[in-house]
Structure formats: C-alpha cells, structure tokens
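Here my numbering is used: the first residue of the sequence shown is 90, the next is one more, and so on.
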Amino acid sequence: MRCSNWYNQQQSRLLTRFVQIELAIGPLSALLPLGLFALFVADGYLWLGLALVTLVLGTLAGLEVPLLTRALEQERGVRNAIAGVLALDYLGALIGSLAFPLVLLPLLGFFPAAALIGALPAGMVFLLGRSLVVLRQWRFWGLGLSLGLCLLAPLTVPIGNALESNLYDAPIISRTQSEYQRIVLTRQQHDVRLFLDGDLQLSTTDEHRYHEVFVHPALQAVPSPKRILILGGGDGMALREVLKWKTVEEAVVLELDPAVVALASQHPLLARANGNAFRVPNKTGRDEEGELRSMPWPNRSYPTNSGPKS
Numbered sequence: 090m091r092c093s094n095w096y097n098q099q100q101s102r103l104l105t106r107f108v109q110i111e112l113a114i115g116p117l118s119a120l121l122p123l124g125l126f127a128l129f130v131a132d133g134y135l136w137l138g139l140a141l142v143t144l145v146l147g148t149l150a151g152l153e154v155p156l157l158t159r160a161l162e163q164e165r166g167v168r169n170a171i172a173g174v175l176a177l178d179y180l181g182a183l184i185g186s187l188a189f190p191l192v193l194l195p196l197l198g199f200f201p202a203a204a205l206i207g208a209l210p211a212g213m214v215f216l217l218g219r220s221l222v223v224l225r226q227w228r229f230w231g232l233g234l235s236l237g238l239c240l241l242a243p244l245t246v247p248i249g250n251a252l253e254s255n256l257y258d259a260p261i262i263s264r265t266q267s268e269y270q271r272i273v274l275t276r277q278q279h280d281v282r283l284f285l286d287g288d289l290q291l292s293t294t295d296e297h298r299y300h301e302v303f304v305h306p307a308l309q310a311v312p313s314p315k316r317i318l319i320l321g322g323g324d325g326m327a328l329r330e331v332l333k334w335k336t337v338e339e340a341v342v343l344e345l346d347p348a349v350v351a352l353a354s355q356h357p358l359l360a361r362a363n364g365n366a367f368r369v370p371n372k373t374g375r376d377e378e379g380e381l382r383s384m385p386w387p388n389r390s391y392p393t394n395s396g397p398k399s
C-alpha cells in the first residue's frame with residue numbers, strides 16, 4: 090500500500106507540473122507576440138526580445154514531452170509511452186503548421202490567431218481536469234483561462250492596429266491580411282501609398298514615372314502589340330499604361346495574391362489611380378489562380394511606328 094501511495098503521488102506530481110506548464114504557455118503564446126510587435130514599433134532591442142521569447146517558450150514546450158513520457162511509462166512501458174507522446178507531438182505540430190498560415194492567419198489575423206492558439210492548452214487542462222481525479226482542482230483554471238483568451242482575441246485587433254499605425258507616416262485607410270502578405274493603404278492629402286508587408290510599393294504622386302518607363306519602351310519593341318501578359322502588377326498601374334495602346338486586344342495580369350487585385354479594383358482611391366483598368370471591357374483578363382497560360386514568344390523587332398494614344 091505504501092508503494093502504491095508513493096507511486097500515485099509521483100504520478101500526480103508529474104501531471105500537476107504538466108498542467109502548470111500548459112497554463113503558462115497559454116497566456117504567453119497570446120501576449121508575447123503583441124509585446125514583440127510593440128518592441129519592433131518602438132525600435133527597441135528586438136533581437137533580445139526574440140531570444141528571450143524563444144528561450145521561455147522553447148523551455149516550456151520542451152518540458153512537455155519528458156513529463157508526459159514519465160507519467161505514462163509505468164502504465165504503458167517506456168517504449169510505448171515515448172512512441173505515443175511523440176506521435177501526438179508530431180501530429181499536433183503538423184496540424185498547427187498548416188492551420189496557422191492557411192486558415193487562422195487569413196481569417197483572423199496574426200494577434201487574434203495567437204490568442205486562440207493560446208486558448209488551446211488551457212482548454213486541454215480543462216478536459217484533463219474533467220477526466221482525471223488528481224487534476225480535478227485545475228479544471229476551473231483551464232476553463233477560465235481558455236474563455237479569457239477567447240474573449241481577448243477580438244481585443245487584440247484594435248491594439249495591433251494602433252501599434253501598426255505608428256509604423257507609417259500617413260493615416261492608414263485600409264489594411265488587409267491575405268494568405269500571402271499584409272496589405273496596407275495610407276493617405277496623406279493627395280498622396281496614396283500601397284505597402285506590402287511594410288515595404289512601399291507605390292505612391293500615387295510619382296508612380297507614373299516608373300510605370301510609363303516600364304511599359305511603353307517594351308511595347309514599342311513589338312509591332313502592333315495585341316496580347317499582353319503582366320507578371321505581378323496587381324495594383325493595376327502597369328495595366329493602365331498598357332491599355333493606352335490602341336492595338337492591344339487583351340491584357341492579362343498574373344498576380345500571385347488575389348487580395349491585391351481586389352483592393353486595386355474595388356478601393357475608390359486606388360481604382361481612380363489606375364484608371365479603373367480592371368473594369369475595361371473586353372481588354373482585361375485576370376488570372377488570379379496563378380496559372381501561366383501559354384503565349385507565343387514575341388518577335389525580336391524594334392519598330393517605332395506605333396505608340397500610345399494621346
């Protein structure tokens with residue numbers, strides 16, 4: 090009886106440590122990304138913050154497998170315990186690595202997704218507390234923390250937006266998180282700027298200098314250009330210049346991110362800047378699936394008898 094009592098105490102202590110680690114991982118997973126972003130906005134020691142976050146979360150996550158293995162080894166044997174725990178660990182890592190970029194990030198955004206991910210270990214503590222008598226006292230901690238992080242998720246949106254606004258010199262008028270990138274549109278008087286993942290793509294005050302030089306010399310090199318393929322150019326500015334040519338019958342924009350094309354065609358300021366190029370009938374094609382359709386290679390001739398419409 091004494092040996093049985095000692096064994097139960099050891100197993101209970103291991104499970105309790107595991108539960109405590111899960112309860113610590115939950116809020117840290119939700120709040121540390123906000124802290125790192127605030128450090129980035131403030132131009133602080135981001136590298137130090139990243140190192141500390143990696144150390145803390147990596148240490149806590151690294152303790153999960155040994156604790157579970159030790160708790161299960163007496164019941165199932167060391168080999169079976171390790172195999173079962175590692176299988177669940179790898180399966181969870183696979184699901185998480187696919188769900189975050191493909192589902193959670195495009196649908197919820199970075200910070201709400203982090204809060205919901207943090208609610209998962211807390212929810213697991215609640216389920217363990219309902220199933221195991223030795224963890225019964227922890228079930229309310231898990232339930233309360235899980236619900237709290239779910240309620241926190243929508244509140245992280247205005248906090249993240251307020252922090253993000255400090256990265257730009259002009260007020261943000263549109264922000265979108267696609268499955269590929271962060272798309273931000275700012276406006277300062279007549280200057281509308283498009284940013285992708287924080288990098289400036291264009292400013293309506295001077296973008297014409299680039300797009301005119303980019304498009305017209307290339308079309309001058311082709312006799313009577315009719316079918317034009319634009320790689321990238323989801324903002325529609327290059328398409329605007331292409332459609333100035335009378336001979337063009339079809340222009341296809343091959344853009345990786347459909348969200349960029351949607352913004353350029355639907356946002357009034359950006360659509361006005363590109364001359365509503367995506368709405369020109371019978372001349373504009375959009376290949377949003379990223380499939381490059383076969384087109385004949387142009388002849389290498391350089392006539393000068395054609396030009397854009399005045």
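Just so it is clear, CB atoms sit at the ideal spot from N, CA and C, and this is done for glycine as well.
>> Suppose you measure from the CA of residue 197 to the CA of residue 315; what does that come to, to the nearest Å?
In response: 42 Å
> In terms of DSSP beta bridges, what is residue 319 paired with?
Replying inline: 342
> Does the Cβ of residue 104 have 16 or more other Cβ atoms within 10 Å, making it buried, or fewer, making it exposed?
Replying inline: buried
> When DSSP labels each residue in this structure, what does residue 270 get in the three-state scheme?
Replying inline: coil
> Can you tell which of 317, 324, 326 and 345 has the C-alpha that lies nearest to the C-alpha of residue 338?
Replying inline: 317
> Between residue 285 and residue 266, which are expected to be in contact by the criterion C-beta below 8 Å, what is the C-beta distance as a whole number of angstroms?
Replying inline: Contact doesn't hold; Cβ gap of about 11 Å is too wide.
> Does DSSP put residue 192 in a helix, a strand or coil?
Replying inline: helix
> Along the chain, where does the beta strand (DSSP E) that runs through residue 281 open and close?
Replying inline: 280 to 285
>> Comparing C-alpha positions only, which one of 215, 236, 235 and 238 sits nearest to residue 227?
In response: 215
> Per the contact definition of three or more C-beta pairs closer than 8 Å, is the stretch 123 to 130 in contact with the stretch 220 to 239?
Replying inline: no
> Do the stretch 106 to 125 and the stretch 147 to 162 meet, that is, are 3 or more Cβ pairs less than 8 Å apart?
Replying inline: yes
>> Please report the straight-line C-alpha distance between residue 109 and residue 243, rounded to a whole angstrom.
In response: 26 Å
> Any chance the stretch 133 to 147 sits against the stretch 229 to 247, with 3 or more Cβ pairs inside 8 Å?
Replying inline: no
>> Let me check you understand the geometry: is the CB of residue 194 closer than 7 Å to at least one non-hydrogen atom of the ligand HEM?
In response: What this structure holds is no ligand at all, so the ligand HEM is not there to describe.
> Thinking just about the alpha-carbon of each residue, which of 331, 322 and 120 is nearest to the one in residue 248?
Replying inline: 120
>> Excluding the 5 residues flanking residue 203 on each side, which residues of the same chain have their C-beta closer than 7 Å to its C-beta?
In response: Excluding positions up to five away in sequence, the list reads 118, 119 and 122.
> Can you check whether the CB of residue 342 is closer than 8 Å to the CB of residue 323?
Replying inline: yes
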